[in-house]
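Novice: Start counting the sequence shown at 1; every next residue gets the next number (the numbering used here). C-beta atoms are modelled at their ideal positions from N, C-alpha and C, and glycine is treated no differently. Model, not experiment: these values are computed from the prediction.
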Amino acid sequence: MIAKSLVDNPDKVQVSQLEGEQTTILELKVDQEDLGKVIGKQGRTARAIRIILGAAGMKLKRRFNLEIIEKG
């Protein structure tokens, strides 16, 4: 996944998905040290990932929501 290529600790990245009727929630858990890298300056990296998910969702006729969670 994209997030693993952005962080210093790719082995600590976890993705879980919660399926809804028309929506899929992706929970991206990253190490505390890598949180800033995934979010990016002013949220630009996170926004770019969400745009990619949105484009994929249009093709699949699903909505994807990305939640970035700090792994304690």
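1) Cβ of L26 within 7 Å of Cβ of Q14?
2) I need the boundaries of the beta strand (DSSP E) containing V15, first residue and last residue.
3) Can you list, in chain order, the residues of its chain with a C-beta nearer than 8 Å to that of I69? Leave out the 5 residues immediately preceding and following it.
4) Is it a yes or a no for the segment 30 to 42 touching the segment 3 to 11, going by three-plus beta-carbon pairs under 8 Å?
5) Within 10 angstroms of the Cβ of A55, are there 16 or more other Cβ atoms? Answer buried if so, exposed if not.
6) Applying the criterion that 16 or more other CB atoms from any shown protein chain within 10 Å of the CB defines a buried residue, is L60 buried or exposed?
7) Please state the DSSP three-state secondary structure of K4.
Specialist: Taking the geometry as given:
1) no
2) Q14 to E19
3) E27, L28, K29 and V30
4) yes
5) exposed
6) exposed
7) helix
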